[in-house]
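Chemist: Protein chains in written order, with this note's numbering: chain X, -7 to 355; chain F, -7 to 355. For reference, the structure I am asking about is given below.
2 protein chains.
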Amino acid sequence: MSKDDRIEVDYRITGGDPDQIAEAIRVEQTIEFPFDLAPTWIQQEVVGHVRNHNGESVTIAYHAGVAEGGLPQLLNLLWGNVSLFPGVRITDVRLPESILQQFRGPRYGIAGLRARFDAPTRPLLCTAIKPMGSTPSELADMAGTLAHAGFDIIKDDHGLADQPWAAWAERVETVAARVTDAATAAGTNSVYMPSLNVTSDRLAEAATFAKDAGAGALLVLPGICGFDAMRALADNDDLGLPIMAHPSLLGSNVVTPTQGLDHGVLFGTLMRLAGADISIFPNYGGRFSFSTAECLDIKEKCLSPLGSLAAAWPSPGGGMTLDRIGELLDFYGNDVALLIGGALHRGDLATNAAALVERVRNL
Amino acid sequence: MSKDDRIEVDYRITGGDPDQIAEAIRVEQTIEFPFDLAPTWIQQEVVGHVRNHNGESVTIAYHAGVAEGGLPQLLNLLWGNVSLFPGVRITDVRLPESILQQFRGPRYGIAGLRARFDAPTRPLLCTAIKPMGSTPSELADMAGTLAHAGFDIIKDDHGLADQPWAAWAERVETVAARVTDAATAAGTNSVYMPSLNVTSDRLAEAATFAKDAGAGALLVLPGICGFDAMRALADNDDLGLPIMAHPSLLGSNVVTPTQGLDHGVLFGTLMRLAGADISIFPNYGGRFSFSTAECLDIKEKCLSPLGSLAAAWPSPGGGMTLDRIGELLDFYGNDVALLIGGALHRGDLATNAAALVERVRNL
């Protein structure tokens, strides 16, 4: 194996002596066995190698073979048991071509969705139907208004599941039909994106049901269903739909600065490996906690080269308001999927939606 | 809906003004919509209610209907978007009978595995075959020695996947056959438990393959494959095998004391809802960071009443050594699945294994 065939992981170690913890990590993430008892070749080849040790910053290089077995074992190698170490954070990951070529990545990515939505240079416009408690018919009315205005993607609020107020299948059929009708009537490219917030044994079936009902994209919660389940949906040629990833249940992996994964690694690199065309995250200054630097890190990791994998759309959301659009475009540029939900409902939805589409249309 | 049909979640809020953050949470976890714009009945019924506010400790009661749709939406309600809030930690969860009865929980639990392994009062004895890099034949030799000694469960190291040194299917067949032969020859009840560290589209098929090969239990990584995928495996009557849950990738949810979920909620309550018969976690004083109080919390939540769900075996592991057995039994009592791996290999494996079985046999 060439040196280039190593998986390199950069850690920032502040939970104790970086030397000792790095020694623990390189064993923990591989053989989980007393190092001195392992055969010499395993000590040399299978256990990770510490490189570029510089104070708190440590790089460990792992044999690419350790990660064989698909995305589950790659996640396990990166952050499996080490997730239990306080004071350890992954700041970057570099994967060799032998690993990268195992992943298709985003089916559409930036270029594919620009073509799909006839948006050669402008940002994408996404929104959500809500609030929970609304009936399928009420949600469909809302979705119809948004499709008429020309939003690219009209998604379920991620928490919509199979609640008594709007059962999953009825909602998906009702809303998909209304979006299709409204988009056809108005000549827009709008698609409905249901939340695949269903049990694991129904995931593939629900995706097919949604597509057959007319949905044009899928919202997936990889923190709940698992990153590899999202990857399987994205790789499914019979579906072939754009995938948007929601950050539900993933927050604890990023919000403590001394522990977890850097924001870009999780919401950029890992989401792309798992096939997300669009990666939602809470924008700075919204109702969550991400900083401008963390949001830039996500943008960078969504867009920067990663083997032959397509770039993904960063999608800042979470309490976005209409008057911040200019600032968001200055910050992210045009390769961004704007996600504006509740704020559209303050005043008249149709008026607000039309104004936003007009604002973005010719960028 | 009666007051008893609410889901109550206890939070400790230290990331800002508890009043303001509780107001944000009760909306964030339900309607994700400007509260003042929601219809009155949705404000009253669908949005959570703040109860028992006492300084940093806040309870929010949610309509049970919000969690309809299975374990994915229950997880989403408990810790979906709130996982993105620094300074918020869930300290307890109380589920109404209407929710609990939707979950089968552990198929075997404490009583079922006591019967399965002819262990009416003693702790269970579990171990792992390792290190990664070993061939299927080498792992089978090790497993045979452990089955001869009479370990109840002989599991794959969780990181064993489909690596070049031991491909998944060959390893499972080879080790399962050896454990079956050794247990039959020695008259022990030992079972082999492969790690279902495979891609999501192969999970069910791999479980069936393992059972057909003679495996007697399954190791599942819910942090990677998703809690509901584990639940589906546990609920599968055609499999009907005991399930052990591994904490891989879950650590960031617990290790920061001011953020995440309390250890017992994650490794006790949620693991039982998701069907784990045995819940592995890092023991205090091992190579990880859990405190004695955190380990007691896990034990308590594994064993305490939870509707009609069976109790699960707490399984402290992670660098356990032979000389700590007495201390572990004093601490956990006999309802514990001891997990001792690498330390058995210091000296002669057969001798160490026999000594450990003898130590535990008549407890």
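Every residue, glycine too, gets a C-beta built ideally from N, C-alpha and C.
What residues of chain F sit near F77 of chain X, judged by a beta carbon separation below 8 Å?
Modeler: G243, V247, F280, S281
Chemist: How far does the beta strand (DSSP E) with A221 of chain F in it extend, from its first residue to its last?
Modeler: Premise fails: A221 of chain F lies in the alpha helix (DSSP H), 219 to 227, not in any beta strand (DSSP E).
Chemist: Are the C-beta atoms of C217 of chain F and some chain X residue less than 9 Å apart?
Modeler: yes
Chemist: In this structure, how does DSSP classify A53 of chain X when only helix, strand and coil are distinguished?
Modeler: strand
Chemist: Would you mind stating whether A202 of chain F and P186 of chain F have Cβ atoms separated by less than 9 Å?
Modeler: yes
Chemist: So, is the C-beta of A304 of chain X closer than 9 Å to a C-beta in chain F?
Modeler: no
Chemist: Given this structure, state the Cα-to-Cα distance separating A346 of chain X from P115 of chain X, to the nearest angstrom.
Modeler: 15 Å
Chemist: In the structure shown, what three-state DSSP assignment does I102 of chain F receive?
Modeler: helix
Chemist: Taking E239 of chain F as part of the beta strand (DSSP E), name the residues at either end of that continuous run.
Modeler: Correcting the residue identity first, residue 239 of chain F is Pro in this sequence and not Glu. Looking at the DSSP string, P239 of chain F is not in any beta strand (DSSP E), and its letter there is neither H nor E.
Chemist: Could you tell me whether any Cβ in chain F is nearer than 9 Å to the Cβ of V1 of chain X?
Modeler: no
Chemist: Counting only beta-carbon atoms, is Q442 of chain F nearer than 9 Å to chain X?
Modeler: The displayed coordinates of chain F run from -7 to 355. Any statement about residue 442 of chain F would go beyond what the structure contains.
Chemist: Beta strand (DSSP E) containing H41 of chain X: first to last residue?
Modeler: 41 to 46
Chemist: Shorter than 9 Å from the beta carbon of I317 of chain F to some beta carbon of chain X?
Modeler: no
Chemist: If you pair each beta-carbon of the region 202 to 221 of chain X with each one of the region 78 to 95 of chain F, do three or more pairs fall below 8 Å?
Modeler: no
Chemist: Secondary structure at E358 of chain F, three-state DSSP: helix, strand or coil?
Modeler: In the structure as shown, chain F starts at -7 and stops at 355, and residue 358 of chain F therefore has no counterpart that could be examined.
Chemist: Between which two residues does the alpha helix (DSSP H) containing E292 of chain X stretch?
Modeler: Note, E292 of chain X: alpha helix (DSSP H), 284 to 295.
Chemist: Listed in chain order, which residues of the region 27 to 52 of chain X have Cβ atoms closer than 8 Å to some Cβ of chain F?
Modeler: Against chain F - using a Cβ distance shorter than 8 Å - the residues of the region 27 to 52 of chain X are L29, A30, P31, W33, I34, E37, V38.
Chemist: Where do the N-terminal and C-terminal ends of the beta strand (DSSP E) with I121 of chain F fall, by residue?
Modeler: 116 to 121
Chemist: Please look up how many angstroms separate the CB atoms of G333 of chain F and E24 of chain X, rounded, as I've assumed it's under 8 Å.
Modeler: 7 Å
Chemist: How is D28 of chain X classed by DSSP in three states: helix, strand or coil?
Modeler: helix
Chemist: Of all the CB atoms in chain X, is at least one closer than 9 Å to the CB of I23 of chain F?
Modeler: yes
Chemist: Could you spell out where the alpha helix (DSSP H) holding L348 of chain F opens and where it closes?
Modeler: Residues 341 to 353.
Chemist: At a Cβ cut of 7 Å, what residues of the region 175 to 194 of chain X count as close to chain F, listed as they run along the chain?
Modeler: N189, V190, T191, S192, D193
Chemist: Taking P156 of chain F and G57 of chain X to be in contact with their CB atoms under 8 Å, please state how far apart those CB atoms are, rounded to whole angstroms.
Modeler: 5 Å
Chemist: Rounded to whole angstroms, how far is the Cβ of L29 of chain F from the Cβ of H337 of chain X, which I believe are closer than 8 Å?
Modeler: 5 Å
Chemist: Can you give me the C-alpha to C-alpha distance between M(-7) of chain F and I(-1) of chain F, rounded to a whole angstrom?
Modeler: Because M(-7) of chain F sits at a pLDDT of 49, beneath the cut-off of 50, its placement in the model cannot be relied upon, and the point is left open.
Chemist: Out of F:R163, F:Q94, F:H140, point me to the one whose CA is closest to D125 of chain F's CA.
Modeler: According to the sequence as given, residue 125 of chain F is Gly; it is not Asp. Among F:R163, F:Q94, F:H140, the Cα nearest to that of G125 of chain F belongs to F:R163.
Chemist: Could you confirm whether any beta carbon from chain X is found closer than 9 Å to the beta carbon of A153 of chain F?
Modeler: Under the Cβ distance rule, A153 of chain F counts among the residues neighbouring chain X, one pair being separated by less than 9 Å.
Chemist: Would you say K293 of chain X lies against chain F (beta-carbon separation less than 9 Å)?
Modeler: No - not a single Cβ of chain F is within 9 Å of the one on K293 of chain X.
Chemist: Please return the same chain residues whose Cβ sits closer than 6 Å to the Cβ of H41 of chain F, not counting the five positions on each side in sequence.
Modeler: A53
Chemist: Report buried or exposed for D340 of chain X, applying the criterion of at least 16 other Cβ atoms within 10 angstroms of its Cβ.
Modeler: exposed
Chemist: Pick from X:G267, X:E319, X:A266: whose alpha carbon is nearest that of T284 of chain X?
Modeler: X:E319
Chemist: So, for K293 of chain X: in the same chain, excluding its five sequence neighbours on each side, which residues have a beta-carbon less than 6 Å away from its beta-carbon?
Modeler: Contacts found: G256, G260, T261.
Chemist: Please name the residue or residues paired with H5 of chain F in a DSSP beta bridge.
Modeler: Here the sequence assigns Ile to residue 5 of chain F, which means His is not the residue at that position. According to DSSP, I5 of chain F bridges with F:V80.
Chemist: For K147 of chain X, return the contacting residues in chain F, with the cut-off set at a CB-CB distance below 9 Å.
Modeler: In chain order: nothing, as chain F lies at least about 12 Å away.
Chemist: Pick helix, strand or coil for I23 of chain X, following the three-state DSSP scheme.
Modeler: coil
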